[in-house]
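Just so you know, we're using my numbering here: the sequence shown kicks off at 4 and counts up by one.
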Amino acid sequence: MPSSWIAQRDALTFGSIFGAVLGLAPLYWQARSWNVGNFLFGFWLGSMNLMRFVNLVVWRNTSENLAPAWCGIYVRFTLAGGAGIASATLASAHRVAAIASGRYLNQRLGEKRVVFTDLTIGLLLPIIQLVASSIPNTLLFIILNKALPVLVSIGASIYCLLTFLAIRNRQKSMEELICTNTELTVPRYRRLMTLCFIIVAGSISLSTSLLVSDLIRIPIVPWRGLDDFHRDFGRIGTYPRSSEDWIRYEKQDNQFGSWVTIALSIGYFGFFISTQEAWRNCLVVTRFIIDRIVPPRHHDSAQ
């Protein structure tokens, strides 16, 4: 095995577990604040990085199909994760738009309605993606799979535009809402908006580039009937060296997608850790872990 590939594999293994920790660590505090969009965003990123880490460790020195069922689960979860990240972006954009329009936390019923709407937005598309991946489908599914994040990101960008318009028209009432609401602060509101816009811009550009790349690299051919059905996700195929160019493109796509999720996890955790509340929570958790690992020192009171 070439040393360059070993270095890439080890770097990706470390990056995957690092991204998994950074993506899953803030979930408890995101759930406490009912921040559904950011919670789902961290869940999908952390889970995808964690599952990739398991793959890299288990299949470190072998290509044997050790767990066909796991391969099927991983492929379906990856397909759902692509839609889940885009849906979480849309849920975050909806939350920001609700804040800007003055519908956020005005009453208890309004809060529950916003949370329920965000959950519906964030979970409906991944569920549809999971169901679609379990049904035999044609080559058209590849195009729809890559086009779905683009469409969802465009919807999120519309929410962002509505947010800008609402802020411009309701500047005074927004200041009053932030001043009277203990759960909503100016830094938190700015972080939500910044994260939302960054994710929207990144989702549209990345999804569009991947879709165009696939359309250029994979020719669209007439449907041949049952031979074009997409099924048996747990099967691991072996390919001759004559298809080395195609395998190289697939490997590049997989590595690019892996590093994108790792980078998104780092950025996601960076936004979370930038608050004083997050620093306090991290210190509490660190102190708790240290107290469990390092035994306390008992001093002899008789001395």
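Glycine residues also receive a C-beta, built at the ideal position from the N, C-alpha and C atoms.
Taking the alpha-carbon positions, what's the residue i to residue j distance?
{"i": "Leu-59", "j": "Leu-53", "result": "10 Å"}
{"i": "Gly-40", "j": "Gly-125", "result": "7 Å"}
{"i": "Ser-268", "j": "Leu-48", "result": "6 Å"}
{"i": "Ala-34", "j": "Phe-42", "result": "6 Å"}
{"i": "Arg-290", "j": "Leu-25", "result": "18 Å"}
{"i": "Leu-389", "j": "Gln-11", "result": "As displayed, the chain neither begins before 4 nor continues past 306, which places residue 389 out of reach and without an answer."}
{"i": "Phe-119", "j": "Ala-159", "result": "17 Å"}
{"i": "Leu-165", "j": "Leu-151", "result": "22 Å"}
{"i": "Thr-16", "j": "Val-61", "result": "11 Å"}
{"i": "Lys-115", "j": "Arg-79", "result": "31 Å"}
{"i": "Phe-21", "j": "Phe-44", "result": "16 Å"}
{"i": "His-311", "j": "Cys-163", "result": "Since the first residue shown for the chain is 4 and the last is 306, residue 311 is missing from the structure and cannot be characterised."}
{"i": "Thr-197", "j": "Leu-69", "result": "43 Å"}
{"i": "Tyr-271", "j": "Leu-133", "result": "25 Å"}
{"i": "Gly-260", "j": "Phe-56", "result": "14 Å"}
{"i": "Ile-76", "j": "Val-215", "result": "27 Å"}
{"i": "Ala-135", "j": "Leu-127", "result": "12 Å"}
{"i": "Asp-13", "j": "Thr-211", "result": "29 Å"}
{"i": "Gln-255", "j": "Ile-292", "result": "39 Å"}
{"i": "Thr-264", "j": "Arg-295", "result": "32 Å"}
{"i": "Pro-71", "j": "Thr-123", "result": "32 Å"}
{"i": "Ala-266", "j": "Ser-208", "result": "15 Å"}
{"i": "Ala-23", "j": "Ile-161", "result": "30 Å"}
{"i": "Trp-73", "j": "Trp-262", "result": "22 Å"}
{"i": "Asp-121", "j": "Asn-38", "result": "9 Å"}
{"i": "Ile-9", "j": "Phe-46", "result": "29 Å"}
Quick check on the burial criterion: 16 or more other C-beta atoms within 10 angstroms. Buried or exposed for residue i?
{"i": "Val-297", "result": "exposed"}
{"i": "Leu-168", "result": "exposed"}
{"i": "Phe-82", "result": "Residue 82 is actually Leu in this sequence, not Phe. Classification of Leu-82: buried, given that the 10 Å Cβ count is 16 or more."}
{"i": "Arg-283", "result": "exposed"}
{"i": "Ser-50", "result": "buried"}
{"i": "Asn-257", "result": "exposed"}
{"i": "Ile-130", "result": "exposed"}
{"i": "Val-99", "result": "buried"}
{"i": "Val-117", "result": "buried"}
{"i": "Ala-101", "result": "buried"}
{"i": "Ser-3", "result": "This structure leaves residue 3 out entirely; the chain is present only between 4 and 306."}
{"i": "Ser-19", "result": "buried"}
Can you tell me whether DSSP reads residue i as helix, strand or coil?
{"i": "Arg-63", "result": "coil"}
{"i": "Trp-47", "result": "helix"}
{"i": "Asn-41", "result": "helix"}
{"i": "Leu-69", "result": "coil"}
{"i": "Ser-36", "result": "coil"}
{"i": "Ala-101", "result": "helix"}
{"i": "Leu-129", "result": "Note that residue 129 is Pro in the sequence shown, not Leu. Looking at Pro-129 - three-state DSSP - the assignment turns out to be helix."}
{"i": "Ala-28", "result": "coil"}
{"i": "Val-1", "result": "With the chain running from 4 to 306 in the structure shown, residue 1 is simply not present."}
{"i": "Val-297", "result": "coil"}
{"i": "Gln-306", "result": "Low confidence applies here, because Gln-306 scores a pLDDT of 46, under 50, leaving its location unreliable and the question unanswered by this model."}
{"i": "Gln-11", "result": "helix"}
Against chain B, with Cβ distances strictly below 8 Å, would residue i count as a contact?
{"i": "Leu-27", "result": "Looking at the structure shown, chain B is missing, and only one protein chain is on hand."}
Exercise. Is it a yes or a no for the region 82-94 touching the region 60-74, going by three-plus beta-carbon pairs under 8 Å?
Worked result: no
Exercise. Per the contact definition of three or more C-beta pairs closer than 8 Å, is the region 151-171 in contact with the region 68-87?
Worked result: yes
For this session: Inspect the CB distances between the region 24-33 and the region 263-275 and report whether three or more fall short of 8 Å.
Result: yes
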